[in-house]
Amino acid sequence: MLTSSPSVLHEAPKTVADSSGKVYESESSLAAHRLRGSIRALAAITKSPGCEDVRFAIGDSRLITRRLACLVRVRTAFSGEPPKPAAGQTAPLPPRDEPLVANVCLILQQCVNDTPLAEHLTGTSIILDLLKVITEAERVETKRNAAIVVGKLASSSHVHRDELNRLNGMRVLTPFAQWTSALCGDLMGSRLAGGHS
């Protein structure tokens, strides 16, 4: 189940017992599993040759692109007891659901080139969310996928490019200059490599 900011994918008990003692997988656990599986399958489909119609269907829909963008913020619940914050500090956020976020980034990567996806995501916090993923994620694949999406969005839209500059995102993207320039073209690649703006 998804909740408000920051989005948390709750890990409910994996199993529940009914009144007769039969054990079933809980509905919340099943919903989370289905969401992860659906996003993973959609990421594989959008990468496949000959599936342009799927990419167009996703990228042409403002509702779908914004829902996907919201999934970039998804976090899993703490396993066990959440850590106690130190005196004067806020409670730590739960960890990101990195496999889900990485797959959402793959979908966005595939759909941004030939569709108005970048335009549909103007006015959202997608650039900030992706920069947070890059700085907070533990897995290199998740960081790379998010960096590529940022580069493609900035290459596709001056609004996203301005937002990236406002957030000093070029500093965050510098380690990913090779990936971003290879996939996003010369504009972002030259900026990340220290070229003129």
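Residue numbering for the sequence shown follows UniProt numbering, beginning at 1 and increasing consecutively.
Built from N, CA and C at the ideal position, the CB exists for glycine as well.
1. Which residue marks the beginning of the alpha helix (DSSP H) containing C51, and which one marks its end?
2. Strictly by DSSP, which residues pair up with R40?
3. Just list the residues that DSSP pairs R171 with in beta bridges.
4. Rounded to whole angstroms, what is the Cα-Cα separation between L130 and I45?
5. With C-beta atoms as the reference, is A57 less than 7 Å away from I126?
6. Cβ of A137 within 7 Å of Cβ of E98?
7. Should the segment 109-126 be called in touch with the segment 142-161, which here means at least 3 C-beta pairs below 8 Å?
8. Let me know if R171 comes out buried or exposed under the rule of 16 or more other beta-carbons within 10 Å of its beta-carbon.
9. Whose C-beta lies closer than 6 Å to the C-beta of P85 among residues of the same chain, with five residues either side of it excluded?
10. Using a Cβ cut-off of 7 Å (strictly closer), state whether A118 contacts chain D.
By the coordinates alone:
1. Careful: C51 lies outside any alpha helix (DSSP H) and carries neither H nor E.
2. As DSSP reads the structure, R40 sits in no beta bridge.
3. Answer is none; R171 lacks a bridge partner.
4. Across the structure, L130 and I45 are spaced so that their CA atoms are roughly 22 Å apart.
5. At least 7 Å separates the beta-carbon of A57 from that of I126.
6. Closer than 7 Å, so yes.
7. Contact holds: three or more Cβ-Cβ distances are below 8 Å.
8. Around the Cβ of R171, a 10 Å sphere holds fewer than 16 other Cβ atoms; the residue is exposed.
9. Result list for P85: A91, in chain order.
10. Protein chain content of the structure displayed is limited to a single chain, and chain D is not contained in it.
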